[in-house]
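For reference, the structure is listed below as C-alpha cells.
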Amino acid sequence: MKTRKLWMSICSLLVLASMFLAACAPVATPTTAPAAPTEAPAAAAPTTAPAVSGSTQTGELVLLDWSGYELPEFWKQFATQYPNVKVNYSFLSESAEVYAKLQSGVNADLVHPCSNYWKIMVDEGLVQPIDPAMLSHWKDINPALAKQGEFNGKQYWIPWEWGFESILVRSDLIKTVPTSWNDLWNPEYKGHIALYDSGESGHVIAALALGLDPWATTPAQDEQIKQKLLELMPNVLTIWSSQTDLDQQLASGDVWVAANAWNASYIKLLGDGAKVEYIDPKEGRAGYLCGFAVPTKSKNYELAVAMIDAYLAPDAQAYLANEYGYGIVNNAASALVKPETMKLLALDDQNIISRTIFYKFISAAQRQAWTDVWSEVKTSK
Amino acid sequence: MKNSRRFLTLIGLPSIYLFLLFILPVGLMVIFSFREGTTGAARDSFTLDHYITFINSRPFQRLLWQSAGISFLVAVIANSLAYPLAYYLAFQAGSQKNTLMMLLIIPTWTSYLLRIFAWKLILGSTGLLNSVLLLLGVIETLSPILIYSRAAVMVTLIYVWIPFAMLPIFSSLERIDRYLLEAAADLGCTRLEAFLRITLPLSLPGVVAGFFFAFIPTLGEFVTPLLVGGAQGSMYGNLIQDQFMRALNWPMGSVMSLSMLLIVLVFMFLLTRLGPLSDLLGL
Amino acid sequence: MPKLKLPSPGALYVGIICALLYLPIALLIVFSFNDAASLTFPFKGFTLQWYQQLGQSSELLASLRNSLVIAFGSSVLATILGTMGAIAIVRFNLPGRGIFLAVSTMPLVIPYVILGVALLILLNQAGIPLSAPAAGFAHVIISIPYAILIISSRLVGFPDNLEEAAMDLGASYWEALLKVTIPIVSPALLASFLLCFTISFDEYSIASFLVGTDTTLPVYMFSQLRFPTRLPMIIAMAAIIMTVTMLAMLISEWLRRAGQHTSPTGGGIASRKAKA
Amino acid sequence: MTEFAVELRNVSKIFSSNTRGKVDPVTAISGMNLAIPTGKFFTLLGSSGCGKTTTLRLIAGFEVPSTGDVLIQGRPMTEIPPNKRPVNTVFQNYALFPHMNVLRNVAFGPAVRRLPKDEQERLARKALALVRLSEMGDRMPSQLSGGQQQRVALARALVNKPAVLLLDEPLGALDLKLRKAMQTELKHIQEQVGITFVYVTHDQEEALTMSDIIAVMDKGVIQQVGDPATLYKCPTNRFVADFIGESNFITATIVAIQGPHAAVSLEGETVYVAAGGSGRAGARGVVVTIRPEKVKILEPVKAPAEGLSAVVRDVVFIGTDTRYVLSLRDGQNLVARVPNGSDANWREFARGESVKVHWAGEDARILDE
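Chains as they are written, first to last, in the working numbering: chain A, 1 to 381; chain B, 1001 to 1283; chain C, 2001 to 2276; chain D, 3001 to 3369.
Following this line, the structure appears as C-alpha cells:
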C-alpha cells in the first residue's frame, strides 16, 4: 500500500539522517567533554598564571551565555583548574532572556547580562555580590570599566567585553560622510538608513543628536526625542535585530548608513572587502558593555567566580579581540592582541574608554517610556 | 455506560495534557495581566492599569487592526494559491499524489529563518529579481524593490504558509465522493459549475482550517517583519515581543496578547454564526 | 522527431509553485559553496570550507540531533494524542466534545512567545528542570491542533460502523481501533506526523525558553546570528539536510516503483493488489 | 441446543439524543417479548423507523437495553460485549474494511481469535467458496460490485460460525434482479449452514420469499409473529393486514355469530366472515378484511342471496389479473382481483355496471380492535 511506502520513506529518511549525524559527530557531546589543554596557558601573559594544579572537585557549572563564548579557548584556565567539573551552556539571544529566565527561577551559576540589564537583577535580588579578591586578574581590569559593575559599594557584575555603537557607512555609496549623530537626518540618506531595534538605542541616538544627556532626560526632552525620532523615519529603510542581518544589508548595498552598528560589523565587512567607514561622531560613540554576574540561587559560587577569572585571563581576552573584534577589559591582554585589531578598535587610544558613552542601567519607568516611544516610532511609517 | 467510558478514556489523556501544559499557562497569563508594576512575576497586587493603558494607546490598537487585516489578506491569498495545488493533487495527480505531496512539504523542513534570508537574496537590491530586471532593461538602477516593505512581509508569509494551507484543503478534497461530480455532470453541470456547486462547498471545511493555519500564526508573527519588513513592516507581534523582551513589562505583554486572542476568538465566533465550529471544520 | 508533450495547466501550476518553493532553497545550496561570509550577490568563488567547519562544530551537530529527537518525539506524541482526541470527537456525540474541540484548537491562537514564557514559569513553579524533553512536551501542545484537524477530517470520510463490524467479528473495542480505525486513517497519521515534525523542528520561541542547556537547531541559529561568520556554516548544514531529505525521498520512490514491478511471493494473506 | 436461539424478555430501549445540549428521550422499543427458534430464517419486518434495526443492535450488543433482558442460546447477554457474543452481523452498508483485501476481510474473525495463520486462511477460503467468490480473495473491496461486496460481508460474518447471523437490510442497495437472485441464494445458504438468521427488512415480498417466521413491527412493538402463510391469511390486526399484501377493509355490523363464522351486515345486506378476534353479536363498526383476489364478482341475477351490491368504478388490466375497483352501497370502496382466462364461464364487467360481490366465509376476517 502507498501509505506503507511513505512510512518506509520517512523511516529511511530518519535512518539516513541519524547515519549522517553519526558519521559527522562521533562524539557530539561537547558540553560534557572539557577540552584538554594542549598548551600551557598564556605563557606570554605578563600576569602571574593562576594555580595550574587540577582540583579534584566534581560538579556541574551552568552558564546562561551568548553562543560563541562556549569555545574552550575562553576558559582554558578553568578547564585546567577543574578538569572534573562539567560545564554546560544555555544560550541567549536577547539580553532580557537572562532576566526572564532568572525571574522564573531557572538554575544557572553564571549569567552574562549587559550594562543596561544587570542592575534590575540586583534590584530584584536575582544576583549576588562577587568578591573581587577571588579574581586573580582583577588588578589588570580597566578601573573605569570595573567601576560600572559596582552598586552600593559592592561588585555585582564583572564587565568582560564591550563594543561601540556608532555610525557605519558604505563610503562607496554615499557622497557626504557623516561626522555627527545629527547628520543621520541628512535627506541624502533617505530610505537607506538602518536602525537597531531597541528603544534604548533610539533614545540615545536622538538624545546625542539633540545634545542631551541620554540618561537624564526630562519628560519634555523625552517628547523632543520622540519627535526627533519620528523625523528620522523617512530616512530609515529598515530596523535590524541581529548583526548577521545588518551585515547582509550593508554588504548587499541596501543600507548605506547603519546608525548604530557594532564595531564587530565594521571588522567583518572590512574582512569581506567592503568599502566601509566607521564614524567617530563629534558627540562621541555610544558603547555597550557586557559582563558576568552570579545568580543568588547558584550553589556553585566559587566555581562561578573561578570561571569569571578564566574568562578574564589575558589569552581569553586576546582571543575575544582577535577573533570577534570586541573590546576587552583586561589591560594585560593588550600585548596579545594583533596590532591591526588594536588600531581598528582604537584600543591604542588611551582615552577611548572615557570618550565612549557607555549604556547605563535605567529605571523600569525609563525602560517602559522608551519602549513605548519606540513602539510608536516603529509603527509610524 | 460503555460508550461514555470509551469516550472518556479516549479524550481523557489529551484533555489532561492540554490542561496541564496549556490551560494552566494561559491562566497564568490572565493572572499576569492584572499584576502591577512593569517587571516580573513578583508583584501580587491587582490592577486594571494595563488594560486602561492598552485602551488608551492608539498605536497599539491601530497596529492590532492593521495586523489583523494583513493576516486576513495573507491567509486568503495563501489559501487561494494553495487550493489549485490541493485540487491537482487530489484529482489529477494520480499515482504521483504522495510523491508530489512530499515534494511540497520538504521545503518547509529547511529552517524558516534561512528561507527568509534566501528571500532577501531574491528581493534585495542586488538580488536575483533586480538582476534579472536589470538584464531585461526593465529597471536601470539597482534599488531595493519589494523588500523592506509590508508587501515583502506578505509575500514571504504567503510563501511560507502555502504548504500548510494546502494540507487541510487536500484532505477535504480527498473525501469528496467522485460519483458526486459524475452526478453533477449527469445533471447538466459544466465542469466549472460542478466545481462551484459541488467541489468548492464540500471542500469548505478544509479551506476554513487552512485559513486558520495561515491567519493565526501570521497575527503573532514577529521574525519575518523584522527581517524583511523594514521600517514600515512592524506587526503587532513585534510590539508584544517588545513588551516582554525590551520593556520587561510582562503584564502589559499579557494584556496585548490577550487582546490578540480576543480578536481571533471574535473571528472564530463570527465564523460559527455560519454553523457550529465542528461543522465548519467538517467534523 | 518525438512529439513534445505539453503539461496540463494543473501540472504547470504545480511546477511553478514547486519552483517557487525550491528557489530559495536552491539559492541556499549554491551559497553554501560561496567563498564569502556574507549572504549577498555576487558570487565570490567556490569553497568547501563551510562544510569543513561544519564537521568541527560539535555544538551545531549536537543541536541538530536535539532538534531531530525533539521533533520526532513530540510529533509522535502529538499524533497519538491527536488520534485519541479525533476519534473521541468524530465517533462520539457526547457532552464535552465541543469544549474539547475548542480548547484543543486554541493553541493555534496563542502566540508562541507567550506560551513559552508562561510554560517557563509553570515548569519552574513545578520544579521541573529545563531540558530538551521539556521543549518537546511543549511542542506537543502546539502540534495537537494540527494533528486533530488532519486526523478527524480523514476519519469522517469513513463509515462509522467499521469499528462495530470489527467488534461484531470478535475484536474488542481497542483491538478494533488498532486493527481497523488506525490503519484506515494512516495517511492522515502520516500527514499529521510530517506537519508536527515540521512545526517542532523549526520552532524557536518556545524552545528558546525551555530547552535549558540542550540547545536545538533554531535556538542555536538565532543565537549564532550574533556572529555573521557562522551563517555560511548553518547554510551548509541546511543544504545537507535538504539533500539528505531529497535523497531519502528519491530512494523511497525508487523502492516503491521497484516494489510495484516485482510480484510479491509467499502467498498467504498478502496484501497483493490485483491488476484490475 | 436450546429451543430458542434468541429471546427478548420485556425489552425496552429509550434513546436520549443530545443535540446541542437539548436532551429529548425517544422510545425506540417498548416492552418487547420475542423468541426466535433455533435454525430458522427469522425476519423482522417493518417500515423504516419502527425499531427493527434497534432490535438487531440490541441482539448484537451495540446497544444496551434500557429495561429487560436479551438471551442468546438461553444465556443472558447483558454483561457480554459484542465481541464476546456468538452472533455476527451483515451490515446494511457492508462495512467492509477498505484497507484489507477480500481474503483478509473474511479472515478478520479468525485472526482476532488468534487462530493459526493457515487455519485462518482455510476458514476464509471456505467461507468465500460458500458465497462463490473463491477467485476474488486478492481484490480490494473497492474493486468489487455491490453484489460481490454483499457476499463478502456475508462470508465474513459466516466464517466465525455464529449461533445467530444478523442481517440488516443487506440487499437494500442492490438492483431488483440481483436482489431476487440474492434472496434465493441467502435462503439456500441458510439451509446449507443451518445457522439461525435474523433478517431485517422493510420489503414484505422479500420477507415472504425467504422467511420461516416473520415478526411484523410497528412503532417499537411487535404486531404479529407467524409463518408467512399465516400472516398473509390470518392477519390479526389492520396494520399487519395492510402491511403484508393488499387488503380491503370494510366497516360493518355483526349480526350473529355461529361457531367459527359470523354474519355481518352492511346497509341491510348480509355476508359471512370468519369470526376471529373479539367480535360479538350486535357490535357496530367492526372492520372486516378481505384480500382482493378472494373477492368474487357476479352478475346480480346469478348471485346467491348473501352478498353485497356494488357498482364497477374502474377496471385495470394488469397482465395476469384484472383489477376492479367497486363501490358499495354506502360508498366504501372494495378492490377485487380476478385472474384472466381462468374460468370459461367468466365474463368481464364494464365500468358503471351493477354487480354483486361475495366471498367464501373463511376468506374474510373480523380484525381485532
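Every residue gets a Cβ at the ideal spot worked out from N, C-alpha and C, and that includes glycine. Small disclaimer: the values here were computed from a predicted structure and weren't measured.
Exercise for review: Measure the Cβ-Cβ separation of Ile-328/A and Ala-318/A and say whether it is below 9 Å.
Suggested key: A contact, by the Cβ cut-off of 9 Å.
Practice item. Establish whether the CB of Ala-3157/D and some CB of chain C are separated by less than 9 Å. Key: With 9 Å as the cut-off, Ala-3157/D counts as an interface residue toward chain C.
Point to revise | Selection of the segment 3089-3114 of chain D by Cβ proximity to chain C, strictly under 9 Å | key: Here the close residues are Thr-3089, Phe-3091, Gln-3092, Asn-3093, Tyr-3094, Ala-3095, Leu-3096, Phe-3097, Pro-3098, His-3099, Met-3100, Asn-3101, Leu-3103, Arg-3104, Ala-3107, Phe-3108, Gly-3109, Pro-3110, Ala-3111, Val-3112, Arg-3113.
Review point. Which residue from Trp-118/A, Thr-218/A, Asp-245/A, Lys-338/A puts its Cα closest to that of Gly-1230/B?
Key: Of the candidates Trp-118/A, Thr-218/A, Asp-245/A, Lys-338/A, the one whose C-alpha sits nearest the C-alpha of Gly-1230/B is Asp-245/A.
**Study point:** Within-9 Å CB hit, Thr-341/A to chain C
**Key:** It does not; no Cβ of chain C falls within 9 Å.
Review point. For Gly-68/A, which option in Thr-218/A, Phe-91/A, Pro-83/A, Ser-354/A has the closest C-alpha, if you only look at C-alpha atoms?
Key: Selected option, being the one with the closest Cα: Phe-91/A.
Practice item. Report all residues from its chain with a CB closer than 6 Å to the CB of Pro-132/A; omit the five preceding and five following residues, and keep chain order. Key: These residues qualify, in order along the chain: Trp-138, Gln-155.
Review point. Hey, would you say Phe-3357/D sits closer than 9 Å to Leu-3308/D, going by beta carbons?
Key: Before going on, a small fix: residue 3357/D reads as Val here, not Phe. With respect to the 9 Å criterion, Val-3357/D and Leu-3308/D are classified as neighbours on the basis of their beta carbons.
Practice item. Measure how close the beta-carbons of Val-3200/D and Gln-3224/D come, nearest whole angstrom, since I'm counting them as under 8 Å. Key: In fact, because the Cβ distance is near 16 Å, the residues do not count as touching under 8 Å.
Point to revise | Beta-carbon spacing of Pro-1025/B, Ala-2118/C below 9 Å | key: Closer than 9 Å, so yes.
Exercise for review: Check each residue of the segment 1186-1207 of chain B: if its Cβ is closer than 9 Å to any Cβ of chain C, include it; give the result in chain order.
Suggested key: Taking 9 Å as the Cβ-Cβ cut-off against chain C, the residues of the segment 1186-1207 of chain B that qualify are Pro-1205, Gly-1206.
Exercise for review: List in chain order: all unbroken alpha helix (DSSP H) runs of 4+ residues lying wholly within the segment 3216-3297 of chain D.
Suggested key: The segment 3216-3297 of chain D contains these whole alpha helix (DSSP H) runs: 3228-3233, 3238-3243.
Check your understanding: How many Å lie between Gly-3039/D and Pro-1168/B at the Cα?
Key -> Take the alpha-carbon of Gly-3039/D and the one of Pro-1168/B: they are about 51 Å apart.
Point to revise | Whole-Å CB distance - Glu-3007/D paired with Ala-3035/D, under 8 Å assumed | key: Right, their Cβ atoms sit about 5 Å apart.
Practice item. Sort Met-307/A, Tyr-266/A, Tyr-288/A by Cα distance to Ala-251/A and report the nearest one. Key: The shortest C-alpha separation from Ala-251/A is found at Tyr-266/A.
**Study point:** Nonlocal neighbours in the same chain, by C-beta distance under 8 Å from Phe-1019/B, ignoring five residues either side
**Key:** Within the same chain, Phe-1019/B has no close Cβ partners at all.
**Study point:** Interface flag, Phe-3062/D vs chain C, CB-CB below 9 Å
**Key:** Closer than 9 Å: yes.
Practice item. Report all residues from its chain with a CB closer than 6 Å to the CB of Asp-3138/D; omit the five preceding and five following residues, and keep chain order. Key: Same-chain partners within the cutoff: Asn-3101.
**Study point:** Three-state class that DSSP yields for Tyr-383/A in the structure shown
**Key:** Residue 383/A cannot be examined here, being either before or after the span of chain A that is shown, 1 to 381.
Review point. Can you give the Cα-Cα distance for Lys-2273/C and Glu-3135/D, rounded to whole angstroms?
Key: Any reading at Lys-2273/C must be qualified, since the residue scores a pLDDT of 33, below 50, and its modelled position is unreliable; no value is offered.
Point to revise | Cβ pair Trp-370/A, Cys-290/A closer than 9 Å | key: Cβ distance not < 9 Å, so Trp-370/A and Cys-290/A don't count as in contact.
Check your understanding: Would you call Ala-3360/D buried or exposed, if buried means 16 or more other Cβ atoms sit within 10 Å of its Cβ?
Key -> Under this definition Ala-3360/D is an exposed residue.
Exercise for review: Can you grab the Cα-Cα spacing for the pair Asp-3368/D / Val-3288/D, in whole Å?
Suggested key: C-alpha of Asp-3368/D to C-alpha of Val-3288/D: approximately 10 Å in a straight line.
Check your understanding: By the 10 Å Cβ neighbour count, where 16 or more other Cβ atoms means buried, how is Arg-3284/D classified, buried or exposed?
Key -> The residue in question, Arg-3284/D, is exposed, as its Cβ has fewer than 16 Cβ neighbours within 10 Å.
Practice item. In angstroms with no decimal places, state the Cα-to-Cα distance between Val-236/A and Ala-293/A. Key: Note on geometry: alpha-carbon atoms of Val-236/A and Ala-293/A lie some 36 Å from one another.
Exercise for review: Tell me where the beta strand (DSSP E) around His-3358/D begins and ends.
Suggested key: Per DSSP, the unbroken beta strand (DSSP E) holding His-3358/D starts and ends at 3354-3358.
Practice item. Determine the chain B residues that contact Arg-2230/C at a beta-carbon separation under 7 Å, and present them in chain order. Key: Neighbours of Arg-2230/C on chain B: none; closest Cβ ~12 Å, over 7 Å.
Review point. Nearest CA to the CA of Ala-2171/C: which residue from Gly-3172/D, Thr-3055/D, Asn-3160/D?
Key: When each option's Cα is compared against that of Ala-2171/C, the closest is Asn-3160/D.
Review point. Alpha helix (DSSP H) containing Ser-1045/B: first to last residue?
Key: In the DSSP assignment, Ser-1045/B falls outside any alpha helix (DSSP H) and carries neither an H nor an E.
Check your understanding: Does the separation of the CB atoms of Ala-79/A and Ala-310/A fall below 9 Å?
Key -> Taking 9 Å as the Cβ cut-off, Ala-79/A and Ala-310/A qualify as a contacting pair.
Practice item. Run through the segment 3109-3146 of chain D for me and flag every whole alpha helix (DSSP H) of 4 or more residues, listed as ranges in chain order. Key: Here the runs fully enclosed are 3117-3130.
Review point. When DSSP labels each residue in this structure, what does Cys-290/A get in the three-state scheme?
Key: If DSSP states are grouped into helix, strand and coil, Cys-290/A belongs with the strands.
Practice item. Grab me the residues of Ile-2029/C's own chain with a C-beta within less than 7 Å of its C-beta, minus the 5 sequence neighbours each way, in chain order. Key: Counting only Cβ-Cβ distances below 7 Å, and skipping sequence neighbours, we find Ala-2239, Met-2242.
Exercise for review: Would you list, in sequence order, the uninterrupted alpha helix (DSSP H) runs of no fewer than 4 residues that lie entirely inside the segment 2171-2212 of chain C?
Suggested key: Within the segment 2171-2212 of chain C, the complete alpha helix (DSSP H) segments at least 4 residues long are 2173-2176, 2186-2201, 2205-2210, listed from N- to C-terminus.
Exercise for review: Tell me, to the nearest whole angstrom, how far the beta carbon of Ala-2132/C is from that of Asn-2066/C; I am working on the premise that it is less than 8 Å.
Suggested key: Ala-2132/C to Asn-2066/C, Cβ: 5 Å. Contact.
Practice item. Return helix, strand or coil for Phe-1213/B, following the three-state DSSP convention. Key: Note: Phe-1213/B maps to helix in three-state DSSP.
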